[in-house]
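Novice: Chains as they are written, first to last, in the numbering used here: chain Z, 5 to 331; chain R, 5 to 331.
By construction, the Cβ of each residue, glycine as well, lies at the ideal position given by its N, Cα and C atoms.
One structure coming up, written as structure tokens, with questions to follow.
2 protein chains.
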Amino acid sequence: MPVGGTPNIGIDIGGTKILGVVRGPASGETVQAQVNALTPLESHELLAALVDVVDQLLAATPLGSRISSIGVGVPGFVGRDGIATQSPNAPAVVGLDLSGFLAERFGVPVVVDNDANCAAVATARIDAPDMDHVVVVTLGTGIGGGIVVDGRILRGHHGYAGEFGHMIVDVGGAECPCGQFGCWEVLASGSGLGRLARRAAVEGRAESVLAAAGGDVEAIDGPLVSRCLAVGDAGAAAIFDELASWVAVGLVNIINILDPAIIVLGGGLVREGDALLGRVRRELAGYPTVAVGRQTQIRASGMGNAAGAIGAAMLAETPSEVRRDRH
Amino acid sequence: MPVGGTPNIGIDIGGTKILGVVRGPASGETVQAQVNALTPLESHELLAALVDVVDQLLAATPLGSRISSIGVGVPGFVGRDGIATQSPNAPAVVGLDLSGFLAERFGVPVVVDNDANCAAVATARIDAPDMDHVVVVTLGTGIGGGIVVDGRILRGHHGYAGEFGHMIVDVGGAECPCGQFGCWEVLASGSGLGRLARRAAVEGRAESVLAAAGGDVEAIDGPLVSRCLAVGDAGAAAIFDELASWVAVGLVNIINILDPAIIVLGGGLVREGDALLGRVRRELAGYPTVAVGRQTQIRASGMGNAAGAIGAAMLAETPSEVRRDRH
């Protein structure tokens with residue numbers, strides 16, 4: 005919670021957009037202002053854009069310019085010094101000392117962390133308060149996530165823990181962009197939904213979905229299947245059943261390895277209502293290792309796309325937590 | 005380390021045998037005495053056997069009867085109160101207040117915990133000292149293990165974390181005794197080795213192994229394959245290659261989820277020398293998510309079968325750690 009009732013700022017640098025929020029001051033979870041900008045391709049433009057976002061947020065803050073800290077989430081690998089060393093989606097951040105730059109510019113402490121960690125900590129604290137072992141799984145185009153134990157992110161030794169998407173659940177299965185075969189992400193993500201649907205169409209199990217794609221198998225993608233499901237298409241429902249069975253397999257593994265109190269599912273596939281969540285819960289109930297001795301809650305995240313920015317602000321207020329176990 | 009240089013006692017109650025050790029006092033890791041007994045089937049006999057084991061250990065302790073605490077590892081699920089609620093392998097422990105009984109009998113603090121947790125904490129502290137994120141995987145008849153972060157066991161919400169054997173790596177694969185299909189334990193354990201060898205024999209890929217089994221496919225098991233490998237059998241080597249590829253798949257998943265600094269492999273399959281470890285390391289090097297950005301060490305445990313007893317003694321000296329996050 006912001007120190008002494010002072011609000012603070014969180015910024016999420018995405019591959020295409022920057023989202024900044026002012027958080028607090030009272031409950032600590034109230035977003036008081038929100039600013040969007042495009043993510044520039046060049047580093048010096050990125051710094052200028054960040055200054056502009058913070059200036060706009062300060063101007064929009066009821067208490068004027070009094071903020072206690074700034075947190076920044078960046079996509080990619082962030083070293084102990086807060087400097088990104090790799091960022092395929094936002095190369096402009098690589099090598100930048102964002103915390104040094106912003107701290108000098110605005111005179112407050114600045115913390116930089118990985119965006120998935122930021123989103124996980126916000127999701128865990130807001131969607132699963134008072135839970136000791138929380139796993140956040142983001143089912144979007146790919147699969148991301150984070151592990152939060154007693155309110156702290158479990159980062160792993162190199163800072164790469166929580167890469168759930170690249171656990172192998174189907175040896176010899178379809179190739180993943182990472183180069184492995186049978187990764188969970190290939191099967192249980194938004195792109196996995198499209199892949200399942202295209203296979204169903206080829207095998208003659210999804211005629212209405214294929215018709216909705218104008219008869220072009222390659223035009224079938226996840227959002228199209230979701231739209232078909234929304235209008236009650238039976239073929240799309242069967243594809244969602246198949247997707248849910250793959251989602252469940254990965255959750256079984258997470259439950260056996262981490263035994264969380266709760267798994268919070270977020271991301272585009274879950275935001276589309278209860279279509280997936282109910283199916284996943286039914287699938288999970290059929291697994292002996294899940295049903296015996298554990299009562300793992302499965303919940304949809306209530307956080308929107310500001311989770312990363314809010315989490316960055318949260319982490320900026322608990323700097324002792326940041327990168328405590330990253331090497 | 006035992007308090008004030010006083011040794012303490014650790015006891016590992018197995019399905020067939022009880023192993024007790026006196027640990028300490030100086031280095032904290034020296035086993036000064038060791039006692040074996042058979043595990044009785046009845047609860048009252050078990051209590052008598054435990055008293056006998058402790059009496060023998062006290063008699064064998066150089067400093068006489070001065071011990072600071074007793075730790076007990078039991079197979080099965082142990083509640084926050086130290087009482088086992090389930091134990092398929094040692095039903096005599098279920099419902100017993102071992103800590104209350106032994107504390108009253110011997111006048112020292114007693115801690116009871118799950119045997120896999122005990123073994124994991126000893127293995128982590130002795131085989132991987134000063135490592136922040138340690139995963140212990142025991143490749144025996146089945147697959148067990150534990151997660152140790154900053155010297156503390158990650159137990160999970162219900163106390164069931166680290167059940168690596170039941171992560172699903174081969175959807176639609178062979179049935180596991182747990183009732184699931186394609187569990188890692190079915191493929192990468194000692195019983196998995198036997199299964200791989202029987203299949204190889206049926207498919208004509210392991211004639212010498214089949215001959216060693218007297219031509220009886222059903223007589224092929226893991227130990228037989230190991231014996232064939234030890235005398236340089238090429239068919240057995242090919243089966244070990246296959247086993248190593250399955251071991252690697254599970255390790256890839258552990259690395260992606262937990263990102264440990266080191267994975268310590270223990271259990272019977274690893275104790276048989278370097279046959280498996282070298283193969284597993286070579287397999288792992290081929291996985292992109294392992295090779296990029298991480299330098300995860302894979303090491304064979306140097307602990308023998310006393311790991312559980314030594315770990316129980318360790319946990320008894322750090323009671324604040326015990327079951328801190330179990331519900």
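#1: Whose C-beta lies closer than 6 Å to the C-beta of Z:R327 among residues of the same chain, with five residues either side of it excluded?
#2: Could you have a look at Z:E246 and say whether DSSP puts it in helix, strand or coil?
#3: In chain Z, which residues lie less than 7 Å from R:H48 when you measure between Cβ atoms?
#4: Extract the residue ranges of the beta strand (DSSP E) inside the region 49-126 of chain R, only unbroken runs of 3 or more that lie entirely within it.
#5: Could you tell me if Z:A205 is buried or exposed, where buried requires 16 or more neighbouring beta carbons within 10 angstroms of its beta carbon?
#6: Given that Z:M171 touches chain R, what residues does it touch there, using C-beta distances under 8 Å?
#7: In whole angstroms, what is the alpha-carbon distance linking R:K21 and R:V138?
#8: Which of helix, strand or coil does DSSP assign to Z:P6?
#9: Using a Cβ-Cβ cutoff of 9 Å, what residues of the region 264-279 of chain R are near chain Z? List them in chain order.
#10: Can you have a look at Z:R45 and say buried or exposed, based on whether 16 or more other CB atoms are within 10 angstroms of its CB?
#11: In the DSSP output, what is R:L269 paired with across the bridge?
#12: For R:D278, count neighbouring Cβ atoms within 10 angstroms of its own Cβ and tell me buried if that reaches 16, exposed if not.
#13: Would you call the CB atoms of R:F168 and R:G176 closer than 9 Å?
#14: Distance check for Z:V116 and Z:V55, CA to CA, integer angstroms please.
#15: Against Z:G183, what residues of chain R qualify as contacts under a CB-to-CB distance less than 7 Å, listed in chain order?
#16: Quick check on DSSP: helix, strand or coil for R:C232?
#17: Exposed or buried, which one is Z:R330 when buried takes at least 16 other CB atoms within 10 Å?
#18: Hey, would you say R:N118 sits closer than 9 Å to R:G80, going by beta carbons?
#19: Would you check if there are 3 or more beta carbon pairs closer than 8 Å linking the region 69-77 of chain Z to the region 90-106 of chain Z?
#20: Would Z:L200 and Z:A252 be called neighbours here (beta carbons separated by less than 9 Å)?
#21: Could you tell me whether the Cβ atoms of R:E332 and R:G196 are closer together than 9 Å?
#22: If the cut is a Cβ gap below 8 Å, which residues of chain Z does R:F168 touch?
#23: When you compare only the Cα positions, how much space is there between Z:S72 and Z:L319?
#24: Starting from R:L23, follow the beta strand (DSSP E) in both directions and report where the run begins and ends.
#25: Contact defined as beta carbons within less than 8 Å: I believe Z:Q38 pairs with Z:A310. What is the distance between those atoms, to the nearest angstrom?
#26: Starting from the C-beta of Z:M135, find all residues in its chain whose C-beta is less than 6 Å away, skip the five residues before and the five after it, and write them out in chain order.
#27: Can you have a look at Z:E321 and say buried or exposed, based on whether 16 or more other CB atoms are within 10 angstroms of its CB?
#28: What does Z:V253 touch in chain R if you count any residue whose Cβ is under 8 Å from its own?
#29: Tell me the rounded alpha-carbon separation between R:R159 and R:I151.
#30: Using C-beta distances below 7 Å, list every residue in its chain close to R:M307, excluding the 5 sequence neighbours before and after it, in chain order.
#31: Kindly indicate which three-state DSSP category R:E321 falls into: helix, strand or coil?
#32: What are the partner residues of R:L42, as DSSP defines its beta bridges?
#33: If you drop the 5 nearest sequence neighbours on each side, which residues of the same chain put their C-beta closer than 8 Å to that of Z:Y291?
#34: For Z:H161, is the classification buried or exposed, using 16 other Cβ atoms within 10 angstroms of its Cβ as the cut-off for buried?
#35: Kindly indicate which three-state DSSP category R:G194 falls into: helix, strand or coil?
Specialist: The short version:
#1: Here Z:R327 scores only 47 on pLDDT, less than 50, and its place in the model is too uncertain to base an answer on.
#2: helix
#3: Chain Z residues near R:H48: none, gap ~27 Å exceeds 7 Å.
#4: 74-78, 88-90, 114-118
#5: buried
#6: M171, V256, N257, N260, I261
#7: 28 Å
#8: Because the pLDDT of Z:P6 is 44, which lies under 50, any placement of that residue in the model is unreliable, and the number read from its coordinates should be weighed accordingly. Reduced to three states, the DSSP call for Z:P6 is coil.
#9: P264, A265, I266
#10: In the sequence on display, residue 45 of chain Z carries Leu and not Arg. Exposed: under 16 other Cβ atoms inside 10 Å.
#11: R:V141, R:A304
#12: exposed
#13: no
#14: 15 Å
#15: P292
#16: helix
#17: Any reading at Z:R330 must be qualified, since the residue scores a pLDDT of 37, below 50, and its modelled position is unreliable; no value is offered.
#18: yes
#19: yes
#20: no
#21: Residue 332 of chain R lies beyond the range of chain R shown here (5 to 331); nothing can be said about it.
#22: N260, I261
#23: 12 Å
#24: 21-27
#25: 7 Å
#26: A265, I266
#27: buried
#28: I172, V175
#29: 8 Å
#30: A126, T127, I130, D131, G270
#31: coil
#32: R:K21
#33: A252, V256
#34: buried
#35: helix
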